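Residue numbers (my numbering): 183 to 1149.
Here you go:
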């Protein structure tokens, strides 16, 4: 796949390079690197109303094209995830099992689905990966070429009244450089200190005017291929294998959760050749390869605490050495970063039909791919029950000595098994995105502007999972017996259907026929679509003594659709890793109307150079969940020319997406456990379900912000701001397992009448002793979120010559910081924590449950420009934090190893990373610039355990170098 994408990408880039080059023969020269571009300006508008000299009260951060150039960023997601208010939880760099290679933005850590992503103010199709639960309702930023971007506006506050549903945490609006002239091209290469994550990037973009300036066209194409990494065990920190393992049953004095070396992906009750876990004299024997292709056994040296009862354990160096010497493999490898590739094309053609009306068309086409590994099969080791081997299994008889065989129980043995000999499942994802927006814009009178547009967008995501076990075939193949001296599968029907015996004991070495019988390819396809019509009008109908009153109105109507298919074996549950579920084509229609206004209240009076009111109301009607109203009200006050005070309060919504609404409801197995002592266990399998919920209603949130902007006149070029935020979400949509529903309703076995209890049916409506007859594990409006904090920004740019004639060059300083005071969710409410858990100050990985946010996350940068040379440096700081705020470690006075939520080490030290970049203009008539960047200069290793982190660098020191040309 990589070679095909590589050839296609280079061919396309070359073809597009010729077209703008030809155009540029009569076009003015371009500035590929705008030296005067602002870097992360403190504030812009944050309003639908475009009005000179007005800044809306909603804080807005700007990422300029200059920032992308300084950091040699090849993907928008990487640039945005450097902003402290974002959590980089779903990116290729975060690692994780089954990483899809998507770049999703997550403002405030409230989830990608609660951040609205727009391109030039218009929506894009949502990305849904079949069988993957971390992307529903979100937009993958990989589809946008970086070369055409002028800036990215990030509205860091509720904005549903102005922009529509999903803008609960904020809005990311990507703005194109639609007046570009000339041609810009970039070629760059990057890799890590360790020689992996080799990254190839090429882009070309061009623009020119025609028809005596009445028309203008821009077009951009980019190709990017990242080869990913080898297993993370190849890193120094990966070889330490630091993990976090729970031990409910453990020796006295040992914490319930242990962070220790030699524990990450080291299985305590399974091996690649099979480990006997059945009670008796054979327990603890591992099957290993013997001489001359035979199979024998060796004693497994167990971990410290699990006693063959936990899937993962902590091992001493001596235990690992003993197992390795005996030929026992119980280690699993995981890929650190998937292989990803993409080719994107975007263009925009604008033409003035007359002096008052212009038409435009904006096509986008993108193909993105991702290849990554999924965990190997783990029978009895956290992914299904142990394998049963019958006493008369011919392979078992051959592997044991007569004395050992005499100890085999009549009903056989159970073995913990890791399928390392077969390798992992491999996920291959292809995401094709198409978007076409066309419309008209015009103006009339002195102040009135209007626009109307139609958007068609679609995303088709195909996912195949190769090297995938066919569950029934695998069990039939390993259940072999001898018939007339011939080894055959026990099941007669399976034998007739082509079953080939397979010996997994010791070391699996399947024939081609056996491999073909037990392995297959699962597949799934998700097709999401968007059709949208919008119309907006804004102007200044009248003025007051304080200035003109602006008003904006608009209507939107869109149809969202989704269809998901999967192969028949996946739908029947026949694969170890399914290709997804099936969802017939479903759709919902959304109709919206809004009005927004800016009303000047005071102007040029004592203590008020200006005081403006900004308000908006939007009414939205969903075909699936009814009508809802959102609103925003805010004030912007300038007591002096140096100080601006701003505040907003808004009601925002997120409507349920189509997967949350319509995923088919199916029985959930295994059945959950009831924590109430003495109550009859759950037996009604049909009454315990998972899936979607067509009765969902939109989430509602209330957002309050208050901020101050200070631009002192005595320090020219300095801008400072601080903005407090408070976001509360009610009726939040969550997909919760039946067991979690029960745990949240019956913490410690006691009924708490919480929101989750509405999802449980008790016999006789008896909450104390009535048997549970039904549990709804479908999506439901039962969760709540609350987060508070403050965003701090500072920006300073100045020519050094302003200070002294002896100084030359231009310096720029930028700081962005987020201090999170509170981050809570109702899903953390339990008997241990009746008021929930404040997850602010939690950055640990591999703990499951609710993710947290750092208390302090700070990014700073400094740049210096001198004629042709530009140097920049950046630093990122993550404050000291906890692995899990729901656990209690020795840092707390309440710590005791006997606690069910104890942990031996809950602390994560503060971490700082440093990046450097250099650019040099070669000074030719056709501008040529070479650049070199180093990220994580000091090769700082991530805190442990690190796999799946949202904040820490997993790759280590990495390098990027390239050349940019413009003419």
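We treat Cβ as the ideally placed atom computed from N, Cα and C, and that holds for glycine.
Quick caveat, the model's predicted, so the values are computed rather than measured.
Per DSSP, reduced to three states, the secondary structure at residue 671 is strand. Contact between residue 460 and residue 596 holds, with the beta-carbon distance rounding to 5 Å and staying under 8 Å. In summary, residue 371 is exposed, with fewer than 16 beta-carbon neighbours lying within 10 Å of its beta-carbon over all protein chains present. Under the rule that a run must span 4 or more residues, no alpha helix (DSSP H) segment is found entirely inside the segment 867 to 906. Unbroken alpha helix (DSSP H) stretches of 4 residues or longer found wholly inside the segment 826 to 858: 840 to 844, given in chain order. With a 10 Å radius around the Cβ and a threshold of 16 neighbouring Cβ atoms, residue 416 comes out exposed. Within the segment 983 to 1009, complete alpha helix (DSSP H) segments of at least 4 residues are not found at all.
Residue 626 and residue 539 have their alpha carbons spaced roughly 9 Å apart. For a cut-off of 8 Å, the C-beta gap from residue 1060 to residue 1033 is around 14 Å, too long to register as a contact. In the structure shown, the three-state DSSP call for residue 1131 is coil.
Residue state for residue 341 is assigned as coil, using DSSP reduced to three classes. DSSP places residue 956 in the uninterrupted beta strand (DSSP E) bounded by 954 to 981. Membership of residue 944 in the beta strand (DSSP E) is indicated by the continuous run 942 to 944. The Cβ neighbour count for residue 727, taken over all protein chains shown within 10 Å, is under 16; the residue is labelled exposed. Counting C-beta atoms within 10 angstroms of its own C-beta, residue 973 has 16 or more neighbours from the protein chains shown and is therefore classed as buried.
If you draw a straight line from the Cα of residue 618 to the Cα of residue 544, it comes to about 6 Å. Pairing residue 403 with residue 331 gives a Cβ-Cβ distance that is not under 9 Å. Judged by beta-carbon spacing, residue 455 lies within the 9 Å limit of residue 509, meaning their Cβ atoms are closer than that value. For the 9 Å CB-CB criterion, residue 657 and residue 569 form a contact. For residue 588 and residue 599, the gap between their C-alpha atoms comes out near 22 Å. Judged by DSSP in its simplified three-state form, residue 296 adopts helix. Non-local beta-carbon contacts of residue 946 in its own chain, meaning distances under 6 Å to residues more than five positions away in sequence, involve 952 in chain order. It is roughly 5 Å from the alpha-carbon of residue 886 to the alpha-carbon of residue 908.
If you look at residue 1106, you'll find it isn't in any beta strand (DSSP E); DSSP assigns it neither H nor E. In this structure, residue 297 keeps its C-beta atom at 9 Å or more from the C-beta atom of residue 814. In summary, residue 882 is buried, with 16 or more beta-carbon neighbours lying within 10 Å of its beta-carbon over all protein chains present. The beta strand (DSSP E) runs of length 3 or more contained entirely in the segment 236 to 267 are, from start to end of the chain, 242 to 246. The Cβ atoms of residue 364 and residue 1148 sit closer than 9 Å to each other. Three or more Cβ pairs closer than 8 Å define a contact, and the segment 729 to 739 falls short of that threshold against the segment 749 to 765.
The Cβ atoms of residue 494 and residue 527 do not sit closer than 9 Å to each other. Residue 699: member of the alpha helix (DSSP H) spanning 694 to 700, first to last residue. A distance below 6 Å between beta-carbons, with the five flanking residues on each side excluded, links residue 387 to the following residues of its chain, in chain order: 329, 330, 366 and 402.
Runs of the alpha helix (DSSP H) lying entirely within the segment 642 to 672, each at least 4 residues long, are 653 to 660 in chain order. Here residue 916 is buried: its Cβ has 16 or more other Cβ atoms, across all protein chains shown, within 10 Å. Under the three-pair Cβ rule at 8 Å, the segment 930 to 945 counts as touching the segment 954 to 973.
The beta carbon of residue 1045 sits closer than 6 Å to those of 994 and 1054, all from its chain and outside the five residues before and after it, given in chain order.
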